[in-house]
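K.L.:
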Amino acid sequence: MIIEAGPAYAPALAALHAQAFPDEPWSTESFSALLAQPGMVALVDERGGFLLLRLVLDEAEILTLGVTARREGIATGLLNAAITLLQERDIATLHLEVAAPNAAARALYEKSGFTQAGLRRRYYADGSDALTLVKKVGAF
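Using the numbering used here, read the sequence shown as starting at 56 and increasing by one per residue.
#1: I'd like the list of long-range same chain contacts for serine 167, defined as Cβ closer than 6 Å, with 5 residues on each side in sequence excluded.
#2: For glycine 94 and leucine 110, which I take to be in contact (beta-carbon distance under 8 Å), what is that distance rounded to the nearest angstrom?
#3: Give the single residue among Ala185, Ala67, Thr139, Phe105 whose Cα lies nearest to the Cα of alanine 130.
#4: Taking only the alpha-carbon atoms, compute the straight-line gap between threonine 139 and arginine 125 and give it to the nearest angstrom.
#5: Smallest Cα separation from asparagine 157: which of Thr148, Gln142, Arg144, Leu186?
#6: What residue range does the alpha helix (DSSP H) around alanine 137 cover?
#7: Among the residues of its own chain, which have a CB less than 6 Å from the CB of leucine 151, if the five just before and after it don't count?
#8: Quick one: what does DSSP say arginine 176 is sitting in, helix, strand or coil?
#9: For alanine 65, count neighbouring C-beta atoms within 10 Å of its own C-beta (all shown protein chains included) and say buried if the count is 16 or more, exposed if not.
#10: Can you tell me which of the three DSSP states alanine 185 falls into?
Below you can see the structure in the form of structure tokens.
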């Protein structure tokens, strides 16, 4: 089951993030601060996944998407739930950044209809490039 999670979920989101991204975990304080901002939406899949969105006017950006159990459809479910939520809120466009070497994430986004909008060279701490992707989600 996927739920919309508010600021009270910051500790759980931090724990999930640490499992999904052990080399770059976000703290409870980071999630608390983010979720306190206007336009922030967190989705949590009880099977072990989360997605954090920032909504501004008619656009949204995925800030992070992580799963603790791979190949179970959790990421796809979270992405689909986010797109449905954005359509319900009249959001037209969804943006994100993904590490160029992350083949699994790139395949997920390509399958979901995202297209490359740009490239940020040496964007990540390890020196890898970031691809900026975009998807039209609304009927505008």
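Just so you know, even glycine gets a beta-carbon here, dropped at the ideal spot from N, CA and C.
P.N.:
From the atom records:
#1: Leu134
#2: 4 Å
#3: Phe105
#4: 22 Å
#5: Leu186
#6: 129 to 143
#7: Ile117, Leu188
#8: coil
#9: buried
#10: strand
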